[in-house]
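Asker: Taking our numbering, the leading residue of the sequence shown gets 8, the next gets one more, and so forth.
Built from N, CA and C at the ideal position, the CB exists for glycine as well.
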Amino acid sequence: MHSLDSLDEINKLDTGNVLTSIESLGAQIRQAWEEVRQREVPAACPLAKNVIVSGMGGSALGGRIVDSLLADRARVPIEVVTEYNLPNYVNKDTLVILSSYSGNTEETLASANEALNRGAMVYGVTTGGKLADFLSENGFDGYIYDPKENPSNQPRMGLGYSIASVLAVLSKCEFINLLDSEMEEAIQEAEKLITDYGANVPENENVAKALARKLMGKVPVIIASEHLVGSAHTFKNQLNENAKTFGLIFDIPELNHHLMEGLRNPHEIKNVLHFLFLDSPHYSKRVGIRYPITKEVVEKNDIETEVYGTRGSKKIIEIFEILVLSSYVSFYLAMIYGLDPTPIPWVDHFKTELSKS
C-alpha cells in the first residue's frame, strides 16, 4: 500500500477492525477504571507485602506498563510473571493478579492453581473462559468484562482494559494513590493523540504515519528508560503482531554498558537497523543526559536514529501517549506492507501444535 491517506485502502486491508480498536483506547481505559472501582477486591489485599501480575503476550503488557510506571510510586514490590510457575516467595501475603484476555491462557491457568495452593490472595482480569470459571469455583474476586470497546477482539488491542484494571485494583488495595481526576486527565490526553495520529490526518501532518514510513524495511530498535520500559515492550510486541516485523528493545542506562560495542558487526545489518529513542523530560537527570550521547554513538556507527520526545505533563499521561503511538505506528506499518494486522497465523499454528502434546 503506497498511500496511508486512502481510507478505502485501509478499510480493505483491516478486516478485523484493528483501527477501530485503536480509536477506542480512551473508552477502554475509562470503562475498565470505572467498572473495577465499583467492584470488590480481596478484603485483606491492603495487607499484602508484594504483588504478582501473571499474564502472557498481550495480557502481560498491561502489567509491564504498570510495573514500570509505579516503580517509584507503589508502596509494595510489583513483579510481572510470564511463566508457568510463580516465584518461590509467593504465599498468603502475596496478591496475585491473573490477567488473561481469553481466560484460557495455559501458563496463566497454571499460575492460578499454584496461587490457590499457596494460599495467596487472588484477583482475576478476563473476558471469561476457564479463568472466569476458576474465580467463580474458588470464590475469588475478579473483573470479568465485556470488551465492547475492542471490536478487533485481539488481546494486544485491548490494552486499555488490562492497564486500567490493574491500576484500579492497586488503587483499591491502597498500594498507590491515584485519583479519578488523574485518570480522566490521562484519558483525555490520550484521546487528543488518537485524533492527532488518526487515519484521517494526512501523512505530512501525522507523526505516527511518518514514523511508520521511516520504519519500512527496517528492524526497529526501541530504546526507553524508567517508567517507559514497559511501554517499549508494548511497542515491540505490537510491531511483531500487527506489522509482522522483527524488533528489539533495550533500556538506558543498561545498554550503555555493552550494546554500543556490539554495533560494529556484522556490517551488513547496519542498513536495516533503525534506533527509536523514546525520550522523556520525566526521566531522572543522569538518565536524560545519556540520550543524546547514546544517539551520537549509534549514528557514528552509521545506523539510522529517530527521537520521539513525549509531550505528556505527567508519567501516567506518557504511558498512554506511547500506547497510542505504538498502536498507530504498528498499524500503519502493516498497511505499508499490504498486510491485514489481525491474523497471527504462526502464533495460532504454535498453539494448535502445542495442544496436541
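By how many angstroms is the C-alpha of Gly136 removed from the C-alpha of Ile229?
Answerer: 34 Å
Asker: State yes or no: is the C-beta of Val60 within less than 9 Å of the C-beta of Ile104?
Answerer: yes
Asker: Excluding the 5 residues flanking Ile194 on each side, which residues of the same chain have their C-beta closer than 7 Å to its C-beta?
Answerer: Gly33, Ile36 and Arg37
Asker: Under 9 Å, do Thr101 and Met63 count as touching if we go by C-beta distance?
Answerer: no
Asker: In three-state terms, what does DSSP make of Phe257?
Answerer: In the structure shown, Phe257 adopts extended strand secondary structure according to DSSP, grouped into three states.
Asker: Could you tell me whether the Cβ atoms of Glu328 and Thr312 are closer together than 9 Å?
Answerer: no
Asker: Closest by CA to Val48, which one among Leu174, Ser362, Ile323 and Pro260?
Answerer: When each option's Cα is compared against that of Val48, the closest is Leu174.
Asker: With a threshold of 7 Å on Cβ separation, who are the neighbours of Asn213 within its own chain once the five nearest residues in sequence on each side are excluded?
Answerer: Beyond the five residues adjoining it in sequence on each side, Asn213 comes within less than 7 Å, by CB distance, of Tyr204 in the same chain, given in chain order.
Asker: Can a CB atom of chain B be found closer than 9 Å to the CB of Thr359?
Answerer: Structure shown: chain B not included; a single protein chain is present.
Asker: Quick check for students: name the residue ranges of the beta strand (DSSP E) that lie wholly in the segment 206-293, counting only runs of 3 or more.
Answerer: 226-231, 255-258 and 280-286
Asker: How far does the beta strand (DSSP E) with Asn145 in it extend, from its first residue to its last?
Answerer: Where Asn145 is concerned, there is no enclosing beta strand (DSSP E), although the alpha helix (DSSP H) it sits in stretches over Gly136 to Asn145.
Asker: Work out the CA separation of Ala341 and Leu246 for me, nearest whole Å.
Answerer: Computed Cα separation, rounded: 9 Å.
Asker: What are the start and end residues of the beta strand (DSSP E) that includes Ser13?
Answerer: No beta strand (DSSP E) contains Ser13, which DSSP labels as neither H nor E.
Asker: Where are the alpha helix (DSSP H) runs, 4 residues long or more, that stay fully inside the segment 153-202, in chain order?
Answerer: 166-179
Asker: Quick check on DSSP: helix, strand or coil for Leu105?
Answerer: strand
Asker: List the DSSP bridge partners of Asp408.
Answerer: Residue 408 is absent from the structure shown; the chain starts at 8 and stops at 364.
Asker: Let me know if Trp353 comes out buried or exposed under the rule of 16 or more other beta-carbons within 10 Å of its beta-carbon.
Answerer: exposed
Asker: Tell me whether Glu114 sits in a helix, a strand or coil according to DSSP, three-state version.
Answerer: helix
Asker: Output needed for Glu189: all residues of its chain with C-beta closer than 8 Å, excluding positions within five of it in sequence on either side, in chain order.
Answerer: Lys321 and Ile323
Asker: Let's see if you can read the secondary structure: which residues bound the beta strand (DSSP E) around Tyr315?
Answerer: Glu311 to Gly316
Asker: Going by the CB atoms, is the gap between Thr202 and Leu330 shorter than 9 Å?
Answerer: no
Asker: Can you tell me the Cα-Cα spacing of Ala78 and Val58, whole angstroms?
Answerer: 12 Å
Asker: Identify, in the order they occur along the chain, each residue of the same chain with its Cβ nearer than 8 Å to the Cβ of Asp347, setting aside the five sequence neighbours on each side.
Answerer: Cβ neighbours of Asp347 beyond the five flanking positions: Leu20, Asp21, Thr22, Gly23 and Ala341.
Asker: Count the other CB atoms, across all protein chains shown, that sit within 10 Å of the CB of Phe147; report buried if there are 16 or more and exposed otherwise.
Answerer: buried
Asker: DSSP has Ser61 in a bridge; who is on the other side?
Answerer: Val88 and Leu105
Asker: If we call anything under 9 Å between Cβ atoms a contact, is Gly65 one with Gly149?
Answerer: In this structure, Gly149 does not lie closer than 9 Å to Gly65 by Cβ.
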